[in-house]
Amino acid sequence: MNLIDTFRYHSKVLEAKSSALDLVHHAGDRGMEREDVLEEFLTPLLPERFGIGRGEIRATNGKWSKQGDLIIYDRINSPRLFVGTRSQVFPAESVAAVIEVKSNLGSKEIHDATVNINQARSLAKEGHATHIGSGAITFGPPTPIFGALFAYDLGIGLDTFRKHWNKAQSSQPASQRINLTCILGKMVVMHIDQTYHLWDKASKDKLGSFYPLNSRQDSLLTFTLALMRVLAEFRFGTPDLFKHVFSGGEKLEFKNVYEK
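Pasting the structure below:
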């Protein structure tokens with residue numbers, strides 16, 4: 002079995018696990034279980050410096066993301082502002098990617114995912130970062146948050162999908178659109194921008210355009226390879242936790258301990 006066949010096998014496993022979860026009647030629980038299935042698949046494949054969590058992202062200017070289904074973050078160096086049993090709060094500088102997970106992708110789900118990823122990708126990161134990779138040392142601003150959408154099935158026709166997809170994405174600034182979408186067993190859609198090099202053949206396309214791939218049984222492989230390519234070159238920032246904590250105007254005033 003070669004690598005392509007291995008990913009085709011994993012694609013069928015994910016489809017089977019998702020189908021089995023139809024027995025769960027509560028929509029919220031069913032959705033969280035499907036998030037767990039994708040996390041379980043991705044975690045062993047990620048480089049050691051990356052972890053996967055859930056929760057919200059906070060920028061130093063006091064802005065927040067919406068609740069993220071799966072958040073890929075700096076597992077080794079990232080401080081977290083809050084850690085609960087299922088949700089965490091991450092400083093924006095420590096976040097690499099947000100993945101929205103949908104059971105069945107329809108017009109509402111496209112809209113919701115677009116809004117959520119827009120909020121995450123619009124968060125400002127501070128400082129500079131050093132990254133060693135591909136035989137070179139680079140220094141510059143932290144890489145912006147990458148936005149991805151993973152759906153287990155498509156609940157609308159292709160023409161309807163294209164209509165709602167183009168409308169939703171075109172309503173957002175190019176720098177805040179969904180970068181990568183996988184509809185398991187059906188297709189992958191890539192957004193062409195100057196930050197992320199996702200697909201060699203798409204490099205000649207116009208910036209801001211969308212590159213849909215009829216990848217079918219190889220959609221999971223294509224999604225994973227594109228995501229790993231982004232993460233391999235990712236530059237994390239160094240969060241200033243004082244700015245995160247006091248960005249809302251809060252103050253702490255202390256006197257010298259020796260003053261009477």
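All letters in the sequence shown, in the order written, are residues 2 to 261 by our numbering. Backbone N, C-alpha and C define an ideal beta-carbon position, used for all residues, glycine too. Treat the numbers as computed from the prediction; the structure is a model and nothing was measured.
Distance CB(residue i)-CB(residue j) smaller than 8 angstroms
{"i": "GLU94", "j": "PHE237", "result": "yes"}
{"i": "GLY148", "j": "ASN180", "result": "yes"}
{"i": "SER123", "j": "ASP154", "result": "no"}
{"i": "ILE58", "j": "PHE91", "result": "yes"}
{"i": "SER210", "j": "VAL189", "result": "no"}
{"i": "ARG55", "j": "SER88", "result": "yes"}
{"i": "GLU101", "j": "ILE118", "result": "yes"}
{"i": "SER108", "j": "ILE157", "result": "yes"}
{"i": "LEU150", "j": "ALA114", "result": "yes"}
{"i": "SER19", "j": "GLN218", "result": "no"}
{"i": "ASP241", "j": "GLU127", "result": "yes"}
{"i": "ASN62", "j": "ALA125", "result": "yes"}
DSSP-derived helix/strand/coil call for residue i
{"i": "PRO145", "result": "coil"}
{"i": "GLN68", "result": "coil"}
{"i": "LEU24", "result": "helix"}
{"i": "VAL258", "result": "coil"}
{"i": "ARG59", "result": "strand"}
{"i": "ALA292", "result": "For the chain, the structure presents residues 2 to 261; residue 292 sits outside this window and is missing."}
{"i": "GLN120", "result": "helix"}
{"i": "GLN218", "result": "helix"}
{"i": "ALA233", "result": "helix"}
{"i": "GLU101", "result": "strand"}
{"i": "ALA130", "result": "strand"}
{"i": "MET33", "result": "helix"}
{"i": "GLU16", "result": "helix"}
{"i": "TYR197", "result": "coil"}
{"i": "THR239", "result": "coil"}
{"i": "ASN3", "result": "coil"}
{"i": "ALA169", "result": "helix"}
{"i": "LEU46", "result": "helix"}
Which residues DSSP lists as bridging residue i, in chain order
{"i": "LEU155", "result": "LEU106"}
{"i": "GLY52", "result": "TYR74"}
{"i": "THR182", "result": "LEU150 and VAL190"}
{"i": "GLU41", "result": "The partner list for GLU41 (beta bridge, DSSP) is empty, contrary to what the question assumes."}
{"i": "PHE211", "result": "HIS192"}
{"i": "VAL90", "result": "GLU57 and PHE83"}
{"i": "VAL96", "result": "TYR74"}
Best match in the options for proximity to residue i [C-alpha to C-alpha]
{"i": "ALA98", "options": "LYS164, TRP166, ILE157 and GLN120", "result": "GLN120"}
{"i": "SER79", "options": "GLY250, GLU260, THR239 and HIS245", "result": "THR239"}
{"i": "ASP194", "options": "PRO145, TYR259, VAL102 and GLU34", "result": "PRO145"}
{"i": "THR182", "options": "MET33, LEU106 and GLU251", "result": "LEU106"}
{"i": "ARG35", "options": "ASP6, ALA152 and ARG217", "result": "ALA152"}
{"i": "ARG163", "options": "LEU228, LEU185 and PRO213", "result": "PRO213"}
{"i": "LEU232", "options": "MET2, ASP23 and ILE53", "result": "ILE53"}
{"i": "HIS1", "options": "PRO45, ARG9 and ASN167", "result": "Any answer about residue 1 is impossible in this case: the structure gives the chain only from 2 up to 261."}
{"i": "LEU46", "options": "HIS129, LYS244 and ARG230", "result": "ARG230"}
{"i": "ILE111", "options": "ASP241, MET2 and GLN170", "result": "GLN170"}
{"i": "VAL14", "options": "THR61, GLY186 and PHE235", "result": "GLY186"}
{"i": "PHE8", "options": "LEU226, TRP65 and THR161", "result": "LEU226"}
{"i": "ALA60", "options": "VAL96, MET33, GLY85 and PHE224", "result": "VAL96"}
{"i": "ASP6", "options": "ALA21, LEU222 and SER66", "result": "LEU222"}
{"i": "LEU199", "options": "GLY85, SER66 and GLU234", "result": "GLU234"}
### Validate contact between the region 243–255 and the region 30–44 using beta carbons, cut 8 angstroms, 3 pairs
no
### Touch test, the region 61–81 against the region 16–28, Cβ-Cβ under 8 angstroms, three pairs minimum
no
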